[in-house]
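Peer 1:
Residue numbers (my numbering): 3 to 148.
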């Protein structure tokens, strides 16, 4: 559908990501937007990027299935995708460009946010390179339910 908004959620499967997914689902319903959820599996240098035996692959697939269940319970049919890449930031920006995302949502649940580095390197990369606005969600604690 032309003119439909598209939200991209970078998803790792943490409690903060699950809470962010619930927020994004409510937002998507209210503005009639599509959601694409992307999980980036960062591939160690000892593996080919497209290898099928990368550590964490099964876990990543399970997290995507769990995300789809959460969205379905909220009445949202989202598209979930896993990307194998060396760098999460580059993969997320590439996905945002490919789907022409109108909004990119990420969580930053680092336990310590030192004043001299208030954002992580991946989020900094997204702020600098994303083709759309970036919303960063900082939960007050990892188990917060927003």
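Glycine included, C-beta positions come from ideal geometry on N, C-alpha and C.
#1: Is residue 11 closer than 8 Å to residue 23 when the C-beta atoms are compared?
#2: Quick one: grab the DSSP three-state call for residue 147.
#3: Just list the residues that DSSP pairs residue 44 with in beta bridges.
#4: Kindly give me the distance between the Cβ atoms of residue 9 and residue 35, rounded to whole angstroms, as I take these residues to be in contact under 8 Å.
#5: Along the chain, where does the alpha helix (DSSP H) containing residue 72 start, and where does it finish?
#6: For residue 140, which residues of its own chain have a beta-carbon under 6 Å away from its beta-carbon, when the five flanking residues on both sides are left out?
#7: Would DSSP call residue 35 helix, strand or coil?
#8: Looking only at its own chain, which residues have a Cβ that is under 8 Å from the Cβ of residue 99, when we skip the five neighbours before and after it?
#9: Which word fits residue 136, buried or exposed, when buried means at least 16 other C-beta atoms lie within 10 angstroms of its C-beta?
#10: For residue 66 and residue 82, I'd like the C-alpha separation in whole angstroms.
#11: So, at 8 Å on beta carbons, what are the nonlocal neighbours of residue 43 in its own chain, with the 5 sequence-adjacent residues on each side left out?
#12: Taking only runs of the beta strand (DSSP E) that begin and end inside the segment 4–33, which ones reach a length of at least 3 residues, in chain order?
#13: Taking the alpha carbon of residue 103 as the point to measure from, which residue in 45, 49 and 40 has its own alpha carbon closest?
Peer 2: Considering the structure as presented:
#1: yes
#2: The predicted model places residue 147 with a pLDDT of 46, which falls under 50 and marks its position as unreliable; any figure quoted below should be read in that light. Residue state, collapsed to three classes: coil.
#3: DSSP lists 87 as partners of residue 44.
#4: 5 Å
#5: Start and end: 59–75.
#6: 110
#7: coil
#8: 133
#9: buried
#10: 6 Å
#11: Excluding positions up to five away in sequence, the list reads 56, 58, 59, 62, 84, 85, 86 and 87.
#12: 8–12
#13: 40
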